[in-house]
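Numbering (the working numbering), first residue to last: 63 to 365.
The C-beta atom is built at its ideal place from N, Cα and C for all residues, glycine as well.
As structure tokens, this is what we get:
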């Protein structure tokens, strides 16, 4: 419906992004360009310009009554500060509940919430396929905390009459997140089973675009796999990177030699199919690791 001449411009919808790191900042840029008014919640906002308004606070101690606007949507994308169970509980279990409770107490609970979780909750270790219809089967205490956080927030959001979509992300990479490239540069040997160990990854730009698409859906599904369209064996990925960097073919460890570092973002051994993003008609800018890492490598050549 068109606006009558001289009628006021409708207010931009408010989006609160909690844990505004690389993914949150990319989402902020895309959402701002799409007409959202974006707020980023972070304990220590970085200096410099950003496509959002910073709120310097912890998710566990936000005074939601002082928010500039009541957000129409919340994206919770907080990362644990390290690989300790207490850090996981604070980030993925207590954190989302504390933030949602603060918003609800202030009468600012948004109708739409996205929780960025991890493919680690699918604990499959045999290289088989999983998708959103596959039951979660966490294989370690860290994944158990992730799954418990999903369930607890889902219950709280439902009780408020809002909707939650859990987005289980694979390994994020892109400009500024080049751990696999640096690992390939090291020349250290791969894992002995690198040809049969799969990694599921997604460029940060595509992950943010998928989150934005879900924010704008009228009725999102309760769970989405946030990965690209082609799982890769570690051997195939490192071969691709080595060729792009002009390095020798990656090698397996000799007898008694320690393997190289684990791929960043890896958990278990499975192939994740993003069935619901495909059904949605989502279009990846970087559909596989070849386009995604190829773009990063070409930037190196040009710089």
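- Between residue 226 and residue 180, the CB-CB gap reaches or exceeds 8 Å.
- By the neighbour-count criterion, in which 16 or more other beta carbons inside 10 Å mark a residue as buried, residue 173 falls on the exposed side.
- Selection 214, 255, 293 evaluated against residue 316 yields 255 as nearest (Cα-Cα).
- Looking at the DSSP output, residue 231 sits in a beta bridge with 180, 288.
- Here DSSP, grouped into helix, strand and coil, assigns residue 222 to coil.
- Straight-line measurement puts the Cα of residue 258 at about 32 Å from the Cα of residue 86.
- Excluding the 5 residues flanking it on each side, residue 200 has same chain C-beta neighbours closer than 6 Å at 183, 185, 206, 209, in chain order.
- Our two residues, residue 155 and residue 104, have alpha carbons roughly 17 Å apart in a direct line.
- Here residue 340 is exposed, its C-beta having fewer than 16 other C-beta atoms within 10 Å.
- With respect to residue 150, residue 177 sits apart: the two C-beta atoms are not nearer than 8 Å.
- Within the segment 300-365, the runs of alpha helix (DSSP H) at least 4 residues long that lie entirely inside it are, in chain order, 337-342, 351-364.
- For the pair residue 281 and residue 233, the CB atoms are not nearer than the 8 Å cut-off.
- Bounds of the beta strand (DSSP E) holding residue 102 are 99-104.
- Between residue 127 and residue 191, the alpha-carbon positions lie close to 45 Å from each other.
- Across the structure, residue 76 and residue 175 are spaced so that their CA atoms are roughly 12 Å apart.
- Residue 86 sits in a helix when the DSSP states are folded into three classes.
- Between residue 212 and residue 161, the alpha-carbon positions lie close to 14 Å from each other.
- Distance between residue 362 and residue 312, taken at the CA atoms: about 20 Å.
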